[in-house]
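Chains as they are written, first to last, in the working numbering: chain H, 1 to 193; chain W, 1 to 307.
Beta carbons: idealized from backbone N, C-alpha and C, even for Gly.
Comments concern the structure below.
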């Protein structure tokens, strides 16, 4: 009998230790993944001027696109400096919004489309935004895993004992004017024909 | 319709179940064969005993393929390291998937072979290698390639090379014991003074196990391999969130008529699809029983359920 109790106690201790380690190490990994997003955005903002310089000759009539690229790049640099995840995410989105515009220009102009420099530019831009997306995905996945363990039994007991807090990740606001639906909005719109 | 998280936990349970059956089988076979062997030779081995010796012999042969698996295969296959400029999509996709998984970027190699295929090897994520054929890189677009590379990365993340190596050692152990027992039967050194009920039962069971266990062991090994394929498929979707990419990649791979030139039995289970083309895949359950990979139509069906 005493052995059974002892065995259960040992298993329990092992489980508590491993759960505790899970929370601690995932917290560290979440921190690292935020840094990774920053790194990838920084890489992105350093890469763009290079690509601009090499492809400018082909796209000289599309000055608007370069202006947008430049402003996206500036937003990225300042977001990375601030270290704020939310700002980083917004700045990353600015760049991914420019990409389809370049695509349209390239597709509509066979001469540009045929140039190797421009197709390399497109490949690199696509890759760099993929990198940012995957870095964000890692943060999202880790945060989701962590937060699920926080609230589900039995790991929530360990989280409670050692006071682990919820991770924000790429936070979407839980409240805000854009998430509220007023009563008038739920009504069926009336249309007079 | 199942979401990816349900699929993941269902896969984990099924995989654990098969591994548990495998462990139970190895224990039972070892126990019976050792007892039968001891009874037959009239000699109870001391010290390490038969199991110890068999484990060492089986372990040594598998150790090298485990520890140097990447070097061995790459030596056979005549692979060249992937180049960022030349293999832009493969190189960058692998970088990206590694970022998404939070793992170090694996070493990347390309084999010159028209048959589209890919495999992963290496004992842990820090020593992982992903290898594709030129046929794969030519035929797949970037999204499809992402699906394939993510499948291989999931093998790496799940330590599948390690698992399959341990399984191979265990199979080797049982096969060796069965072999020794069969040999001792022919030598016929049975001593009559130890004749007893327990002894003859062990002898009878020993004969049955000596005949059946190598094949049963192999069948369970293949079942584990197939289950890990489903897990790698699901893991690929988990990271890319684009089931369509992997589905169309698998379709393209299965439609290709070329067999892989340098297929290697030891690593067949790590390829994205079986490197041996045995006529039409997905025929009867009996042929399926002897395959390292589930039939591609079944895999596509499982993926579509997640889409």
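DSSP places residue 70 (chain H) in the uninterrupted alpha helix (DSSP H) bounded by 63 to 82. Taking a 10 Å sphere around the C-beta of residue 258 (chain W), we find fewer than 16 other C-beta atoms and assign the residue as exposed. In this structure, residue 54 (chain W) places its C-beta atom within 8 Å of the C-beta atom of residue 177 (chain W). In this structure the region 212 to 221 of chain W lies against the region 15 to 35 of chain W, because at least three pairs of beta carbons, one per stretch, are closer than 8 Å. Burial check for residue 306 (chain W): the Cβ neighbour count within 10 Å reaches 16 or more, so the residue is buried.
Here the alpha carbon of residue 103 (chain W) sits roughly 21 Å from the alpha carbon of residue 87 (chain W).
At a cut-off of 8 Å, the C-beta of residue 43 (chain H) has no neighbouring C-beta in chain W. Where residue 133 (chain W) is concerned, the enclosing beta strand (DSSP E) starts and stops at 129 to 133. Using a CB distance cut-off of 8 Å, residue 155 (chain H) does not count as an interface residue toward chain W. DSSP places residue 121 (chain W) in the strand class (E or B) of the three-state scheme.
Taking C-beta atoms as the reference points, residue 128 (chain H) and residue 47 (chain H) count as a pair closer than 8 Å.
Counting the other CB atoms within 10 Å of its CB gives residue 273 (chain W) a total of 16 or more, which places it among the buried residues. In this structure, the straight-line span from the alpha carbon of residue 134 (chain W) to that of residue 160 (chain W) is close to 24 Å.
When only Cα atoms are considered, residue 206 (chain W) and residue 222 (chain W) end up about 24 Å apart. At a Cβ-Cβ threshold of 8 Å, residue 146 (chain H) and residue 26 (chain H) count as neighbours.
Around the C-beta of residue 116 (chain W), 16 or more other C-beta atoms lie within 10 Å, and the residue is accordingly described as buried. In this structure, residue 39 (chain W) lies near residue 202 (chain W), with their beta-carbon atoms less than 8 Å apart. The beta-bridge partner set that DSSP reports for residue 79 (chain W) consists of W:111. The Cβ atoms of residue 105 (chain W) and residue 114 (chain W) do not sit closer than 8 Å to each other. Contact annotation: in the region 121 to 149 of chain H, residues whose CB is within less than 7 Å of a CB in chain W are 123, 127, 130, 131, 134, 135, 137, 138. Chain-ordered listing is empty here: chain W has no CB closer than 9 Å to the CB of residue 107 (chain H), the nearest sitting near 16 Å. In the three-state scheme derived from DSSP, where H, G and I count as helix and E and B as strand, residue 58 (chain H) is classed as coil. H:35 is the residue among H:159, H:35, H:57 whose C-alpha sits nearest the C-alpha of residue 88 (chain H).
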